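Participant: Sharing a structure here in structure tokens format.
Numbering (our numbering), first residue to last: 29 to 250.
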């Protein structure tokens, strides 16, 4: 479903952006306590991460589509060149589903009567793939990139405000943890899990990443 894929790209892109930028900002803050340096590091991560994640999503969907097309072409060739063997495979598939005797014979005849439906069945039942490619590589890449940039902005923007360094860090932490909770809760539209538990787990992951990089920054800075 295109809508479902876009929602997934949006949620996970934003979540990745928040966690990655939060970790970078926390680590650099722990090492320097300089608003300007933290802001520059955060912006560099935001820009670089946005480009990398957008391109990665584009290539992932494109590769998935190419794989499905190649497998479909292979199945079409096998149905065309080795129909008897492919009929046996259809029979085996539906026998495992509990069809027996005349019902099994009728099912095999029904599936193999239409070459397109036959190949569709082999794709979904034998290979566990979609019958045809789904998704749009460019749209997926743009959604992930935009969501990543939006998510990464939460921990970075406070350092662009005319406030003291401790205040900027406190705002960064507060805004990011709240946004992480919202992103985690939003994921339950796809997973069906408890929104509270999912939100808290996402906050915990982000907090651990930020704390670890903050301590690493302090150790590196001496």
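For glycine and all other residues, C-beta sits at the position ideal for the given N, C-alpha and C.
As the structure is a prediction and not an experimental result, all values here were calculated from the model.
Between the C-alpha atoms of residue 29 and residue 81, what's the straight-line distance to the nearest angstrom?
Facilitator: Any reading at residue 29 needs caution, since the residue's pLDDT is 47, under 50, leaving its predicted position unreliable; the model's value is listed next. Distance between the alpha carbons of residue 29 and residue 81: 21 Å.
Participant: Run the CB neighbour count on residue 218, radius 10 Å, all protein chains shown included, and call it buried at 16 or more, exposed below.
Facilitator: exposed
Participant: Pick from 249, 224, 91 and 125: whose alpha carbon is nearest that of residue 163?
Facilitator: 91
Participant: Around the Cβ of residue 73, are there at least 16 other Cβ atoms within 10 angstroms (buried) or fewer (exposed)?
Facilitator: buried
Participant: How would you call residue 143, buried or exposed, if buried means at least 16 neighbouring beta carbons within 10 angstroms?
Facilitator: exposed
Participant: Measuring CB to CB, does residue 96 end up less than 9 Å from residue 160?
Facilitator: yes
Participant: Under the assumption that residue 99 contacts residue 157 (Cβ atoms under 8 Å), give the Cβ distance between them as a whole number of angstroms.
Facilitator: 6 Å
Participant: Check whether the region 41–58 and the region 229–248 touch, using three or more Cβ-Cβ pairs below 8 Å as the test.
Facilitator: yes
Participant: For my contact list, residue 179 and residue 44 are in at a C-beta cut-off of 8 Å; report their separation, rounded to the angstrom.
Facilitator: 7 Å
Participant: Could you check what DSSP says for residue 127 in three-state terms: helix, strand or coil?
Facilitator: coil
Participant: Is residue 29 helix, strand or coil when you go by DSSP?
Facilitator: Summary for residue 29: the model assigns pLDDT 47, below 50, so the residue's position carries little reliability; its value from the coordinates is reported in the next sentence. Coil at residue 29, not helix or strand.
Participant: Grab the span of the alpha helix (DSSP H) containing residue 216 for me, first residue to last.
Facilitator: Looking at the DSSP string, the run of the alpha helix (DSSP H) that includes residue 216 is 216–219.
Participant: What do you reckon, are the CB atoms on residue 122 and residue 139 nearer than 9 Å?
Facilitator: yes
Participant: Could you please give the first and the last residue of the uninterrupted alpha helix (DSSP H) stretch that includes residue 91?
Facilitator: Its alpha helix (DSSP H) spans residues 63–109.
Participant: Between 33, 40 and 49, which lies nearest to residue 235 when the distance is taken from Cα to Cα?
Facilitator: 49
Participant: When you compare only the Cα positions, how much space is there between residue 112 and residue 119?
Facilitator: When only Cα atoms are considered, residue 112 and residue 119 end up about 11 Å apart.
Participant: Quick one: what does DSSP say residue 148 is sitting in, helix, strand or coil?
Facilitator: helix
Participant: Could you check how far apart the C-beta atoms of residue 172 and residue 85 are, in whole angstroms? I think they sit under 8 Å.
Facilitator: Beta-carbon to beta-carbon, residue 172 and residue 85 are separated by about 4 Å, close enough to satisfy the 8 Å threshold.
Participant: Below 8 Å on the Cβ atoms is my contact criterion, and I expect residue 70 with residue 47 to pass it. Report the Cβ-Cβ distance as a whole number of Å.
Facilitator: Between residue 47 and residue 70 the Cβ distance is about 13 Å, and since that is not below 8 Å, they are no contact.
Participant: To the nearest angstrom, how far is the alpha carbon of residue 191 from that of residue 151?
Facilitator: 58 Å
Participant: Quick check: what's the CA-CA separation for residue 137 versus residue 87?
Facilitator: Taking the straight line from one Cα to the other gives about 39 Å.
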